[in-house]
Amino acid sequence: MTRILQLSDTHFGTERKPVVEAALDLARSLNPDLVVLSGDITQRARRGQFAAARKFIERLSLPVLTVPGNHDIPLFNLFARALNPYGNYKRALGAVLEPVFENPGLLAIGVNTTRPRRRKDGEISDTQIARVAQRLRQARPGQLRVVVAHHPVRAKVESDLSNLLIGRERALAAWAQAGVDLILGGHIHLPYVLPLTAAGQPAGWIVQAGTACSHRVRGSVPNSVNVITREGEGESGTQACHVERWDYAAGTHAFAPVDRTLVTLS
Numbered sequence: 000m001t002r003i004l005q006l007s008d009t010h011f012g013t014e015r016k017p018v019v020e021a022a023l024d025l026a027r028s029l030n031p032d033l034v035v036l037s038g039d040i041t042q043r044a045r046r047g048q049f050a051a052a053r054k055f056i057e058r059l060s061l062p063v064l065t066v067p068g069n070h071d072i073p074l075f076n077l078f079a080r081a082l083n084p085y086g087n088y089k090r091a092l093g094a095v096l097e098p099v100f101e102n103p104g105l106l107a108i109g110v111n112t113t114r115p116r117r118r119k120d121g122e123i124s125d126t127q128i129a130r131v132a133q134r135l136r137q138a139r140p141g142q143l144r145v146v147v148a149h150h151p152v153r154a155k156v157e158s159d160l161s162n163l164l165i166g167r168e169r170a171l172a173a174w175a176q177a178g179v180d181l182i183l184g185g186h187i188h189l190p191y192v193l194p195l196t197a198a199g200q201p202a203g204w205i206v207q208a209g210t211a212c213s214h215r216v217r218g219s220v221p222n223s224v225n226v227i228t229r230e231g232e233g234e235s236g237t238q239a240c241h242v243e244r245w246d247y248a249a250g251t252h253a254f255a256p257v258d259r260t261l262v263t264l265s
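Read in order, the letters of the sequence shown correspond to residues 0 to 265 in numbering that gives the first Met the number 0.
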């Protein structure tokens, strides 16, 4: 069995402490192979906010893969944004902005879709697309092939179309051909699962997460995380994942499953 816990848009600096503790409790109980933090780890990319994020990661005591979000680049400090946009990020979370995690059952590839010249929009280059596609093709048999980026590649509601990743169509075509199973994202604080198709054929799944622990929730959507579990092959030889959405319940001070989507893998 392979399990991923996806936490997105933690926005340290706006975190709700009881929700942070509940997320830690959930991680300890699930003991996932990997915890993914899919961007906007801080609210304003300040040292103290990254220090809080670093402490959170240390308390997890689990393998963690992080990618930057647009909030992880200074907004008001124009000098830092121009000359050292990832300085605080690297100081707290490490120098690698596009990490890769691998074990016998999982290949997870991080992609940095932020651009210091853009205020919030994400973009991906041809070089990044090719690098990810090449790494996907190198996956070992039986590995779940996952790409992690902050900005979404498909929208569920029309109002989010303007938030979609620039260059996404080239990326999706290349990654589908290379065998991607799941593309994890955040940014819009709206959890959903959508099928990815290429040339009219099923070609993986898009998994978006809400905000894990910030008070900056979207409408009536509470703090939420995703739990992705792949078990062994079914009797027919097909492989599948369960993508569960877990919401924070203030009454119990804990996360609980509220939705489950079965996704079939090619």
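Note that CB positions come from ideal geometry on N, CA and C, so glycine has one too. Treat the numbers as computed from the prediction; the structure is a model and nothing was measured.
Here's a check: name, in chain order, each residue in its chain whose Cβ is nearer than 8 Å to the Cβ of A197, leaving out the five neighbours to either side. L171, A172, A175, Q176
Select from A138, R53, R90 the residue whose C-alpha is nearest the C-alpha of F100. A138
Simplified DSSP assignment, three categories, for L77: helix
Where V95 falls: helix, strand or coil (DSSP): coil
If you draw a straight line from the alpha carbon of D125 to that of T112, how long is it in whole angstroms? 12 Å
Run of the beta strand (DSSP E) containing A248, from where it starts to where it stops: 238-248
With contact counted as at least three CB pairs below 8 Å, one residue from each stretch, are the stretch 127-146 and the stretch 155-163 in contact? no
Taking only three categories from DSSP, how would you classify L264? strand
Of the choices H188, N83, S265, whose alpha-carbon is the least far from that of P115? N83
How should L164 be labelled, buried or exposed, when 16 other C-beta atoms within 10 angstroms of its C-beta is the threshold for buried? buried
Please work out which residues of its chain come closer than 7 Å, Cβ to Cβ, to C212, disregarding the five sequence neighbours upstream and downstream, and give them in chain order. T9, E14, R15, V18, V19, A22, N222
Let's test the definition: count the other Cβ atoms within 10 Å of the Cβ of G218 and tell me whether it reaches 16, buried, or not, exposed. exposed
Use the C-beta contact count for F75: other C-beta atoms within 10 angstroms, 16 or more gives buried, fewer gives exposed. exposed
Q48 versus A255, P73, D32, N30, residue with shortest Cα-Cα distance: P73
By the three-class DSSP mapping on this structure, what secondary structure does A52 have? helix
With H, G and I counted as helix, E and B as strand and the rest as coil, what does DSSP make of V18? helix
Opposing strand residues paired with N269 [DSSP bridges]: Look at the range of the chain in this structure, 0 to 265, and you will see that residue 269 is not part of it.
Where A51 falls, given that 16 or more other Cβ within 10 Å makes a residue buried: buried
So what does T41 bridge to, in DSSP terms? F11
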